[in-house]
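Remarks on the structure that follows.
There are 2 protein chains.
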Amino acid sequence: MSDTALSRVRIVLVEPAGALNLGSIARIMKNMGLRHLVLVNPQCDRTSEEARRMAVHAADVLEGATIAASLPEALSGCHRAIATTTRTRAIATALEPPKAALPWLLNTPSTEHSALIFGSEEHGLSNEALNYAQRFVCIPSSSEYASLNLAQAVAVCCYELYQLTQAPVQSAVSSPPAEDAIAAIDTLEDYYQHLETVLLKIGYLYPHTATSRMEKFRRLFNRAALSDPEVAMLRGILRQIDWAIENKS
Amino acid sequence: MSDTALSRVRIVLVEPAGALNLGSIARIMKNMGLRHLVLVNPQCDRTSEEARRMAVHAADVLEGATIAASLPEALSGCHRAIATTTRTRAIATALEPPKAALPWLLNTPSTEHSALIFGSEEHGLSNEALNYAQRFVCIPSSSEYASLNLAQAVAVCCYELYQLTQAPVQSAVSSPPAEDAIAAIDTLEDYYQHLETVLLKIGYLYPHTATSRMEKFRRLFNRAALSDPEVAMLRGILRQIDWAIENKS
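Residue numbers (the UniProt record's numbering), protein chains in the order written: chain A, 1 to 249; chain B, 1 to 249.
What follows is the structure in structure tokens.
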């Protein structure tokens, strides 16, 4: 792993509301060799005096930030996404500390992009937003005051990412498909949409419960870190179900 | 090492000038189980609106901070002190990364206090101040922009200190949902048999290629470490496919 692996990691902030935080985040990103900041529907001005005050010599990271209208747009082209959360009840998957999960963002082919997603200062990430991530990081903290400031949480994660490019890296306990690369997030999203359509059609899902039930399937398949051929196999089943229903003798 | 070891570590800030930083530092300290903040000749007001704004629920750490007139006074009663610096030329001793040096602050008899010293935003620590430390920490950072914001530097060190008091955690890549146990192998086998039957029925599998194709699905689902409720959901889909084919209007 090298600095170039860092250059393929996006820091994605969903609806950030604090300009001071934006500035601090730009600075720590540049400190730690990260360049690509993506703001999803930002609620504050990255060009404000407060943002520039905290960015100091990282105004270029602020100015170069990409603005996205939605999280899927922010993740477009990414193959791996980790969400940061403290919401243990919101997801069935285990939360991991940064040291355990973050190497997975860097152990990628040189053509793949990764994302580390942070929620808003006030609300964190919604259940819907968590659906787009394959793994979930929670920064260990004291039960007396568990909630970190957004910029501090980003700092801890950027620091850990940078460490991974500096020292000899421990073997990441990762289990993506050995022979195949992980499917892109857009590819997975297309599969989930297809799955939902078919499950509604066969009467397994009802419209009013589809979202929560689909969340469970998303978690399950995200955990498996599907490859492109695997997604293709799964979609093949869906097409065949359609065919079997249409062609029942 | 335990949380009580953390309670004997002082965070010492020499002539801090930014009230926002003070507030952020109080917050991350409380997040990471640290309580004892010492301000040497502070150049800003810890009770200001800016400090409180960033401290949020750590106003108690701000209010409980000790004010000292000099660094020796701040270190009174301490047995171990580490200074943070980027000034490689100022000291003969080697600079260490946080991971290497910080455990030394916690590996102390229960009667001993330790200190981690940070300089001012503008000037860092003077040569004279460095004289009071036994070891020297430098947070690794990019040569493109090496200087961290004071509060971010404190955050990284507090985070590392807190990690040291937590049990080592292993990665949970393929681990099952936290609250559910991984399904028994028999349960999985029943699912795979059921899946194969349905896939043959809908014409997705052909008898002569079923085994090799099913191997791919087995690998995919085994990797996800399915729980019992998840297997039940997946079998529910299979039953519903059967139903949809039989009841096609």
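Idealized CB from N, CA, C, for every residue including glycine. Computed from a predicted structure; not experimentally measured.
- The segment 152–164 of chain B and the segment 16–35 of chain B touch, with three or more beta-carbon pairs separated by less than 8 Å.
- Using a Cβ-Cβ distance cut-off of 8 Å, the segment 35–53 of chain A and the segment 63–74 of chain A are in contact, since at least three pairs of beta carbons, one from each stretch, lie closer than that value.
- Between S114 (chain B) and R80 (chain B) the beta-carbon gap is near 4 Å, inside 8 Å, which marks them as a contact.
- Taking the Cα of T111 (chain B) as reference, the smallest distance to any Cα among B:L238, B:N247, B:A5 and B:E230 is reached at B:A5.
- Burial of G124 (chain B) is indicated by the presence of at least 16 other C-beta atoms within 10 angstroms of its C-beta.
- Put simply, the segment 128–147 of chain B does not touch the segment 16–30 of chain B. Fewer than three CB pairs are less than 8 Å apart.
- Classified as buried, Q152 (chain A) has 16 or more neighbouring CB atoms from the shown chains inside 10 Å of its CB.
- Counting only Cβ-Cβ distances below 8 Å, I28 (chain A) has contacts in chain B at L148, N149 and Q152, in chain order.
- Comparing alpha carbon positions, the residue from A:E122, A:R10, A:A225 and A:K99 closest to A181 (chain A) is A:A225.
- Annotated as proximal: E196 (chain B) and A210 (chain B), with beta-carbon spacing under 9 Å.
- In the DSSP assignment, A115 (chain A) falls within the unbroken beta strand (DSSP E) covering H113 to F118.
- When rounded, the separation of the alpha-carbon atoms in L71 (chain A) and I237 (chain A) is 28 Å.
- When secondary structure is reduced to three states using DSSP, S227 (chain B) falls in the strand class.
- Contact annotation for Q166 (chain B) against chain A: P140 [CB-CB distance below 7 Å, chain order].
- In this chain, the beta strand (DSSP E) harbouring L37 (chain A) covers H36 to V40.
- Between the alpha carbons of R46 (chain A) and P140 (chain B) lies a gap of roughly 27 Å.
- G203 (chain B) reaches chain A at Q240, W243 and A244, counting residues in chain order whose Cβ is nearer than 8 Å.
- Proximity of Q163 (chain A) to chain B, defined by a Cβ-Cβ separation below 9 Å, is satisfied.
- Non-local beta-carbon contacts of L205 (chain A) in its own chain, meaning distances under 8 Å to residues more than five positions away in sequence, involve E196, L199, R213 and M214 in chain order.
- Under the DSSP definition of a beta bridge, C78 (chain B) partners with B:H113.
- Of A:N107, A:N222 and A:R52, the smallest CA-CA separation from R8 (chain A) is found for A:N107.
- For R10 (chain B), DSSP records a beta bridge to B:H36 and B:A115.
- If you draw a 10 Å sphere on the C-beta of P207 (chain B), you find fewer than 16 other C-beta atoms in it, and that means exposed.
- The Cβ atoms of A183 (chain B) and I241 (chain A) lie no closer than 9 Å to each other.
- In this chain, the alpha helix (DSSP H) harbouring A129 (chain B) covers N127 to L130.
- Bounds of the beta strand (DSSP E) holding A68 (chain B) are T66 to A68.
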